[in-house]
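Engineer: Below is the structure I would like to discuss, written out as structure tokens.
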Amino acid sequence: MKILITGALSLTVLFSCSTKDGHVNPTSYFSVNTKKPGLNTAEREYEFAFDQIQVSTGIDAEVIKSDVEKVIIFAPDNIIDDVEVQNAGGKLHIRMKPGLRFNLSGNLNVKAKIFAKDFNSIKATSSGSITVNDKFIQEKMAVSVSSSGSINGDFEANDFSVAASSSGDYSGKIWTISLNAEASSSGEIDLKGKAKHAVMQVSSSGEINASELVAETATLQASSSGSVDLAVSRQLMASASSSGDVTVYRKGEISVTKNESSSGSVNLR
């Protein structure tokens, strides 16, 4: 692993503790030592290979397609030492150090540029935000947002999955053969594009807004005030319960199987 340091700043490389099977041991966040914003911006660069990306704790990141994989961190000079860039077995995780207290509802002014050749998983948690600037083409892609994390970006993959929970949100244009989308606990997913087969599930006020995504076949399920909408061109199976709501936009003649219970509704347009 090659590590580059900008300017005269010293750098300690931080690795998460891993078990023998490669899993990272969990740690707790935000307990003591309140920090205040600095006046000058510092920069640090890390160069290593990875195939999974995670950003958390209020950090804003952008992903840029590149033949050379690296990460550049920009942060106020008095908190840049508190930014961790971890790479454990190809799992890149950018976050603020555990054990510190930051106001995630404010602006930490910590930014990351992630230069990636390819990857198969991307995750934003704890108010982390990721913008994917270029369209990435993969065999498989998994997107996950939770705890007010946010991801925006376009993907093309034979197998595409996206999960949003706890007020996390994802928006993007996708091209896929197999789509699996799940939104729960006020998570929100906004999709455009095309899919051959789509499976979507919403619950606990989760939302999937996909009226501008056309799927040939779809299996949709909504419960507990969750809502999902989608355009379908050939075959639909839909169920709604406990005030769940399903709205389907027909693109031609489609075969429909639906089930409604406990104030759930399935609407065809």
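What the sequence shown shows, in this note's numbering, is residues 1 to 269, in sequence order. Where is the CB? At the ideal position from N, CA and C, for every residue including glycine.
#1: Pull the bridge partners of LEU108 from the DSSP assignment, please.
#2: Using the DSSP secondary-structure output, state which residues sit across from VAL228 in a beta bridge.
#3: Please report the distance separating the alpha-carbon of LYS251 from that of LEU230.
#4: What are the start and end residues of the beta strand (DSSP E) that includes ILE53?
#5: Identify, in the order they occur along the chain, each residue of the same chain with its Cβ nearer than 6 Å to the Cβ of VAL199, setting aside the five sequence neighbours on each side.
#6: Does the ligand ZN have a heavy atom nearer than 7 Å to the CB of SER144?
#7: Taking 8 Å as the cut-off, decide whether the C-beta atoms of VAL68 and VAL85 are in contact.
#8: Kindly provide the ranges of any beta strand (DSSP E) runs that are 3 or more residues long and lie completely inside the segment 126-188, ordered along the chain.
#9: For my contact list, GLY153 and GLY128 are in at a C-beta cut-off of 8 Å; report their separation, rounded to the angstrom.
#10: Using the C-alpha atoms, what's the distance from THR125 back to GLN52?
#11: One question on the structure: do GLU182 and GLU207 come within less than 8 Å of each other, judged by their Cβ atoms?
Structural biologist: For this structure:
#1: Answer by DSSP bridge pairing: none, since LEU108 is not bridged.
#2: ILE208 and VAL246
#3: 10 Å
#4: 52-55
#5: ASN180 and THR219
#6: Absent from the structure shown: the ligand ZN. Ligands present: none.
#7: no
#8: 129-132, 136-145, 150-152, 155-164 and 169-184
#9: The Cβ separation is near 14 Å, so there is no contact.
#10: 14 Å
#11: no
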